[in-house]
Each structure stands twice: as structure tokens, then as C-alpha cells.
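In order, the protein sequences belong to chains A and B.
Here the first sequence is numbered in this note's numbering, starting from 1 and rising by one per residue.
Here the second sequence is numbered in this note's numbering, starting from 280 and rising by one per residue.
Don't be surprised by glycine CBs; every beta carbon is placed ideally from N, CA and C.
Treat the numbers as computed from the prediction; the structure is a model and nothing was measured.
To start, the structure under review is shown below, and the notes come after it.
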Amino acid sequence: MNPILRIFLERAAVYLGAALLAFVCGFPLFWMALTSVKPDREIITATPSFWTGAAHLDAYRRLFDQTKFETYFVNSVLVAGGSTLLTIAVAVLAAYGITRFRFRGRESIATVMLFTYMFAPIMIVIPFYIMMRKLGLANSHLGLMLSYTSFSLPFSMWLLRSFFQSIPIELEQAAMIDGASRPQAVVRVVVPMALPGVIAVSIFTFIVAWNDYLFARVLIGKDDLKTLPLGIQDLYESSVTDWGMIMAAGVVITIPALAFFAMVQRHLIAGWGAGGVKG
Amino acid sequence: MATTNRSSPLGPLDLPRPEPRERRVPEHLWGYVLVAPAVLLVLGLILYPVGYSFWLSLHSKHAYMPIETFIGFENFVWIWEDEDFWRSIRLGMVYAFGSLSLQIVVGVGAALLLNQSFVGRGFVRALALFPYMMPTIVVVILMRWIFNDSYGVAKFLIEGSGLMARAPVFFDPDHVMLTMILASTWTFFPFVVIGVLARLQTIDLELYAAAKVDGAGVLRQFWHVTLPQIRGVLFVIVLLRFMFMFTKFDLIWLFAGAGGLGYFVRTLPIYTFVKSFGELQVGFGAALSVIMFTMLSAFAVVYFRLFRRDEHA
Chain A
1 MNPILRIFLE RAAVYLGAAL LAFVCGFPLF WMALTSVKPD REIITATPSF WTGAAHLDAY
61 RRLFDQTKFE TYFVNSVLVA GGSTLLTIAV AVLAAYGITR FRFRGRESIA TVMLFTYMFA
121 PIMIVIPFYI MMRKLGLANS HLGLMLSYTS FSLPFSMWLL RSFFQSIPIE LEQAAMIDGA
181 SRPQAVVRVV VPMALPGVIA VSIFTFIVAW NDYLFARVLI GKDDLKTLPL GIQDLYESSV
241 TDWGMIMAAG VVITIPALAF FAMVQRHLIA GWGAGGVKG
Chain B
280 MATTNRSSPL GPLDLPRPEP RERRVPEHLW GYVLVAPAVL LVLGLILYPV GYSFWLSLHS
340 KHAYMPIETF IGFENFVWIW EDEDFWRSIR LGMVYAFGSL SLQIVVGVGA ALLLNQSFVG
400 RGFVRALALF PYMMPTIVVV ILMRWIFNDS YGVAKFLIEG SGLMARAPVF FDPDHVMLTM
460 ILASTWTFFP FVVIGVLARL QTIDLELYAA AKVDGAGVLR QFWHVTLPQI RGVLFVIVLL
520 RFMFMFTKFD LIWLFAGAGG LGYFVRTLPI YTFVKSFGEL QVGFGAALSV IMFTMLSAFA
580 VVYFRLFRRD EHA
């Protein structure tokens, strides 16, 4: 084959593939956003149009005025934020303990952490529910936060451990010689140096909590305590589907994920290597 | 000296060192103190429930009422004779293997593509990872809308492009599994892309140059250079993704629900949930989750054995 033609065909194939990939991944997102701003008569039609001249935000207004979406949203932010903070605190302590002190059982802790990968949420949700009821934590956000924290902990410790291991202990000692106490040295020297790890851990925890449906379904019965996945599902099933409003809800829920995604991109690969993504 | 005015921001350097403070807790105990919260949480909220599951599986227990009787392995005997259980295994295998193979094909293809250089690569890369970041509930409502039987854009595109005269009804007993596999592939294939792409970027380009000198075309380069290099990461991806897909609950449940269409995608996790929280037979449900756990462990062991043997051959 003519080498110039060959190169041309190769390039064409690459761009065709890229266009196809972009379409498959991007079109559903575009369609969701478009549906959320279309007038109803353009939604309920067998010949949908791929643009609209009459875009408006009525669907968003309905979502916030006529449903408890705002409550669900606030609940999700609280639960996901709380789980993230709790995970960071517990995981930083543990990772620091494992990397800076020698004690018996240190290695087996790491092994057990890996072992928990064998457990999917569906396998422990039954006993978990019974326990939470006994503890009086059913129908509480604390119960949810505890479950998300314990699920993200193994990965978080695993990742932070590798970050802490790479930070020379001399840096802390130098800080302590300069008069810092040990906790100060950790907060001012170690944590900032492990920041990419801390960020990766918080993003993954946040996403676990933000997306979870199973634990929320089992633990939460009160409407005012529902998180977004529950609220949207109930909204969807409760009446004749208002597609514009449902898509508007989809857009609003996706935005935090999108924002986190913009931040995670750089750290995603590091997190992936350590097994951060689960599900 | 002329340089003494360069004092440390923390204070003058010539202060005496602080006395080492007395520790009430001996040094080696600090390790335990620091890991204690994490260990307690994982022990109490993951490992204990797993153990509790095993214990429950030997009992007949109602979800709410305090009825609890030890019945030995009877739950397992019932499960063995339960047609619905075997059906859930078959459906689960169809779903797990169907969506896994599509994810691998699409994911590896996309990773190879994104490893080429072209204008707008950064944008396409970000776009291609995004479906994975989307909350499951959003994926489900979006797919239910796109594949809607009356107003769905998929139907419009398929019929309009002449691909099929009549688009299938995506949400009927015959097609719901396929629709769900497609939706799952869409949202989960980026996991494969991330892993494979990271590995592709570390392959020594000289290997390709050498292959070209030997006259290898694109396909043979893939087969003899790329594939052996990404085998290791594919091994891990297949293992993890199979376990995730086989235990997938939320996407399936939200996609089809408990009754009606849900019956046609009632995989093992869904069946476990229905038995435990729908029919309130917690002991039976726990026995099902014990079986799930055992199957996964067995799968992991067999998979590792096969792979290791493969490696030495």
C-alpha cells in the first residue's frame, strides 16, 4: 500500500474511533442536560429534536419547589462530608501508626485490610442492619456515615500507608527539634507531604457515600433523612414520570461528581494502582 | 557574624532544645493506640457482620420479630433444592460474564485509542472516564429515558438510521437483561480504561520499533508486544470486575425493581435482598450471602491457580 495513503487511513481510523468514543460517552450526558431544559411537548414526542429553541428552567423550579429534593441534597452533602472527614481522621492516625511505630500484628493488619476486598456490601448488609437496629442507629445519618467509613477505611489506610512510607522520618524529627510537638509535626509536615494521598482518599470516600443506595435503603425509612439516590428513586416511582424534572435532578446530582472528577483526574491513576475504585 | 539576622521563622536557633516530654504511654503502645479506631471500625462493622452472617445462616430468623431458632444446615438444604436459587445463579452468570466481556473489549479498545496521539485527546480522555464517575441512580434514570419504549432517543436513532425497521422494546422480559448489560458496560468500562491506559504508558516504545523492523503489522504488534505487556493488569481487572459484577446490587435493583421486570434479572444479590427484606427470612438470606462469599473465594482461588500455571507454561 502507498505509505502516504496508509498513514492517512491510520489517522482517519484514530479520529473516527475518537469521535465514536466521545459520542458514546458524551451523548447521554448531553441528552440528560438537554431534556432537563426542554419544554414538555418536546420531551414527550416520538421524534425528539437534538436542540431546543425554547430552553427554560421550569423543570429545576419544579424540582426544588414541589419535591423534597433540597432536603435530600443537604442530607447527601452532610453524610458524604461527614464520612469523608471521619475516614481521613481515622485513616491518617492508623497509617501514621503503622508506618512510624513497630508493634506486633502490624503486618497482619495490612493483610486483613486487603482481605476485606472479598466482601461486597450486599453480603454484610443483613447483619449490618440488625446491628444498627440494636444500637439504635437505624434511621440515622450516623449509622450511614459509620458504614461508609468502614467500607472506605481499608483502601484509605492502604493508600496513605504507601504515602507515609515515602516521607523521610528525618523531616518530622527536624520539625520536632525546631520545637514542634509530635502532633504538630504530623499536621504541619507529614500530612501536607501526603496531600495527594489525602485528596485521593477523600474523593473516593465522598464518591462511595454520595453514590450508595443499598445501605441508605436498608437503614433509612424517614423521608426527611433520605439521601439523594433514595429520594430520586422514590420520586421516579411515585407518579407518572416527569422526565424533565428527573433529568434536572440527574444534572444537579452529577455536578458534585463532576467537580470532584475535575480534581481527581491527576490522582486517579495513583488511586487506581492502590485499588481505590470499588464497584 | 553577618548572617545572624537570618533567623528561623520558628524563632531564634540558639534556644536550648526542648526537653523530651514525658510520655505517659510507652512508645511501642502508641502504634496500637493510633490504629485502634481503624481496627475497631473494620472489625466491628465489616468482619463482625461477616461472622454474624455465618451464624445467622444456621438459624431461622425473622427480620423484625424476635423469632430465632437454630436449624443447623437446613437453610443450605433448602437452597440446594430451591429452583429460584439456581435461576439466580444462571442470571448472575449471564450478567457478570456478559457485561465483563463487553467492558474488557470496549475498555481495552478505548485505552489503545487514547494512547495514540491526536488533537483533542485530553478532552476525549476526560469524557471517556466520566461515565464511571456518574452516580448509579443517575445512570439508571438516564438509561431508562434513553431506552424508553415510547419516547426514547435510542428507538428514534435506531429506526431513523434504518439499522432496524422496528427497535426492540428495551424494557421487556426478553430484552431487559441485554439493556442492563449495555448500560453497565457504559458506566463501568472506564475502570478498564484507567488501568490499561496507565500500563500502556509504561511500555517501552523500542519494543514496537523492534517489532516493526521485523515486519509486524498493527495486529501482530498488538498480539506479540502489547498484549503480553498488559496481561498482568488485565488479570487483576478481570478478577476485580468479575467480583464487582457478580455482587452488583444497586444498578440491577434500580434498573428493574423487585417485581415485574425485576423477576427477569433476579441475580443472586437481588434474590438475597428479596429473601431478607422482602420476605423477611433473614436466616435464609444470610445463608445466600454465605454462599456468595464462598463462590467468590473459590473463584479467586481457582483463578489464581489457572493464571499461575499459565504464567509458568
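Query raised in the report: Ends of the beta strand (DSSP E) at B/Phe-349?
Result: The residue you call residue 349 of chain B lines up with position 70 of the second sequence. Element bounds for B/Phe-349: 347-349.
Query - Below-8 Å beta-carbon distance, B/Ala-407 vs any chain A residue - result: As a position in the second sequence, residue 407 of chain B is number 128, starting the count at 1. At least one chain A Cβ lies under 8 Å of B/Ala-407.
**Report entry** For A/Gln-184, the three-state DSSP class (helix, strand or coil)
**Finding:** In the first sequence, residue 184 of chain A corresponds to position 184, counting from 1. Three-state DSSP puts A/Gln-184 in a helix.
Query raised in the report: Which same chain residues, not among the five before or five after B/Leu-449, have their C-beta less than 6 Å away from its C-beta?
Result: For the purposes of this step, residue 449 of chain B is identified with residue 170 of the second sequence, where counting begins at 1. Leu is not the amino acid found at residue 449 of chain B; the sequence shown has Phe there. If we look at B/Phe-449 and ignore the five residues flanking it on each side, its Cβ neighbours are Phe-426 and Thr-458.
Query raised in the report: Counting only beta-carbon atoms, is A/Phe-119 nearer than 8 Å to chain B?
Result: Here residue 119 of chain A is taken as the residue at index 119 of the first sequence, counted from 1. It does; some Cβ of chain B falls within 8 Å.
Query raised in the report: Using 8 Å as the limit for Cβ to Cβ distance, is B/Phe-586 near chain A?
Result: For the purposes of this step, residue 586 of chain B is identified with residue 307 of the second sequence, where counting begins at 1. No, B/Phe-586 does not count as interfacial toward chain A.
Query - Beta carbon of A/Gln-184 nearer than 8 Å to that of A/Thr-99 - result: Here residue 184 of chain A refers to the residue found at position 184 when the first sequence is read from its first residue. Here residue 99 of chain A refers to the residue found at position 99 when the first sequence is read from its first residue. No, these two residues do not count as a Cβ contact at 8 Å.
Query raised in the report: Would B/Phe-483 be called buried (16 or more neighbouring beta carbons within 10 Å of its own) or exposed?
Result: Walking along the second sequence from the start, residue 483 of chain B turns up at place 204. According to the sequence displayed, residue 483 of chain B carries Asp and not Phe. Result: exposed.
Requested in this report: Using alpha carbons as the reference points, say which of B/Ala-537, B/Thr-526 and B/Arg-545 lies closest to A/Tyr-117.
Outcome: Walking along the first sequence from the start, residue 117 of chain A turns up at place 117. Nearest option by C-alpha distance: B/Thr-526.
Query raised in the report: Mind pulling the chain B residues with CB within less than 8 Å of A/Phe-128?
Result: If you number the first sequence from 1, residue 128 of chain A lands on position 128. What A/Phe-128 touches in chain B: Leu-324 and Pro-328.
Report task. Name, please, each residue of chain B whose Cβ falls closer than 7 Å to the Cβ of A/Val-22. Result -> In the first sequence, residue 22 of chain A corresponds to position 22, counting from 1. According to the sequence provided, residue 22 of chain A is Ala. The question's Val does not apply to it. Simply Val-403 and Leu-406.
Query raised in the report: Are B/Ile-509 and A/Ile-246 closer than 8 Å when you measure CB to CB?
Result: Here the question's residue 509 of chain B lines up with position 230 in the second sequence. Here the question's residue 246 of chain A lines up with position 246 in the first sequence. Contact flag unset, no.
Query raised in the report: From A/Thr-84 to A/Ser-202, what distance separates their C-alpha atoms?
Result: Walking along the first sequence from the start, residue 84 of chain A turns up at place 84. Walking along the first sequence from the start, residue 202 of chain A turns up at place 202. Computed Cα separation, rounded: 5 Å.
**Report entry** Length of the line joining the Cα atoms of B/Phe-578 and A/Phe-50
**Finding:** One-based indexing of the second sequence puts residue 578 of chain B at position 299. One-based indexing of the first sequence puts residue 50 of chain A at position 50. Between B/Phe-578 and A/Phe-50, the C-alpha separation is close to 46 Å.
Report task. Starting from the Cα of B/Val-471, find the closest Cα among B/Ser-576, B/Arg-499 and B/Arg-520 and give me that residue. Result -> In the second sequence, the residue the question calls residue 471 of chain B occupies position 192. Nearest option by C-alpha distance: B/Arg-520.
Requested in this report: Using a Cβ cut-off of 8 Å (strictly closer), state whether B/Met-413 contacts chain A.
Outcome: As a working note, residue 413 of chain B is residue 134 in the second sequence. Closer than 8 Å to some Cβ of chain A, the Cβ of B/Met-413 qualifies, so yes.
Query raised in the report: Is B/His-307 close to chain A, meaning its C-beta is less than 8 Å from at least one C-beta of that chain?
Result: As a working mapping, residue 307 of chain B is identified with position 28 in the second sequence. B/His-307 counts as touching chain A.
Query raised in the report: Is B/Gln-500 close to chain A, meaning its C-beta is less than 8 Å from at least one C-beta of that chain?
Result: Residue 500 of chain B sits at position 221 when you count from the first residue of the second sequence. B/Gln-500 does not count as touching chain A.
**Report entry** chain B contact for A/Thr-205 (CB, 8 Å cutoff)
**Finding:** The residue given as residue 205 of chain A occupies position 205 in the first sequence. Not an interface residue.
Report task. Give a yes or no on whether 8 Å exceeds the smallest Cβ distance from B/Thr-505 to chain A. Result -> If you number the second sequence from 1, residue 505 of chain B lands on position 226. Taking Cβ atoms only, chain A never reaches closer than 8 Å to B/Thr-505, which makes this a no.
Query raised in the report: Which residue comes first and which comes last in the alpha helix (DSSP H) that contains B/Lys-434?
Result: To locate residue 434 of chain B, count along the second sequence from 1; it is residue 155. Unbroken alpha helix (DSSP H) run through B/Lys-434: 432-439.
Query raised in the report: Taking the alpha carbon of A/Pro-127 as the point to measure from, which residue in B/Pro-328, B/Val-497 and B/Tyr-343 has its own alpha carbon closest?
Result: For this step, residue 127 of chain A is matched to residue 127 along the first sequence. Nearest C-alpha to A/Pro-127: B/Pro-328.
Query raised in the report: Using a Cβ-Cβ cut-off of 6 Å (strictly less than) and excluding sequence neighbours within five positions of B/Val-432, which residues of its own chain qualify?
Result: Within the second sequence, residue 432 of chain B is the residue found at index 153, counting from 1. Answer for B/Val-432: Ile-425, listed in chain order.
Query - Neighbourhood of A/Leu-153 by C-beta distance below 7 Å, restricted to the same chain and skipping five residues each side - result: Position 153 of the first sequence, counted from the start, is the residue given in the question as residue 153 of chain A. Thr-87, Val-90 and Ala-91, listed in sequence order.
**Report entry** Straight-line Cα distance separating B/Phe-435 from A/Pro-39
**Finding:** As a position in the first sequence, residue 39 of chain A is number 39, starting the count at 1. As a position in the second sequence, residue 435 of chain B is number 156, starting the count at 1. When rounded, the distance between both Cα atoms is 19 Å.
Query raised in the report: If you draw a straight line from the alpha carbon of B/Gln-596 to that of B/Leu-379, how long is it in whole angstroms?
Result: Nothing in the structure corresponds to residue 596 of chain B, since chain B is present only between 280 and 592.
**Report entry** Limits of the unbroken alpha helix (DSSP H) element including A/Ser-83
**Finding:** If you number the first sequence from 1, residue 83 of chain A lands on position 83. Start and end: 69-100.
Report task. Assign B/Glu-347 to one of two classes, buried (16 or more other C-beta atoms within 10 Å of its C-beta) or exposed (fewer than that). Result -> Along the second sequence, read from residue 1 onward, the residue named residue 347 of chain B stands at position 68. B/Glu-347 should be labelled exposed.
Query raised in the report: Which one or two residues does DSSP pair with A/His-141 in a beta bridge?
Result: What you label residue 141 of chain A is simply residue 141 of the first sequence in a count that begins at 1. Bridge partners of A/His-141: none, in fact.
Report task. Using three-state DSSP, classify B/Lys-527 as helix, strand or coil. Result -> For this step, residue 527 of chain B is matched to residue 248 along the second sequence. Correct three-state label for B/Lys-527: coil.
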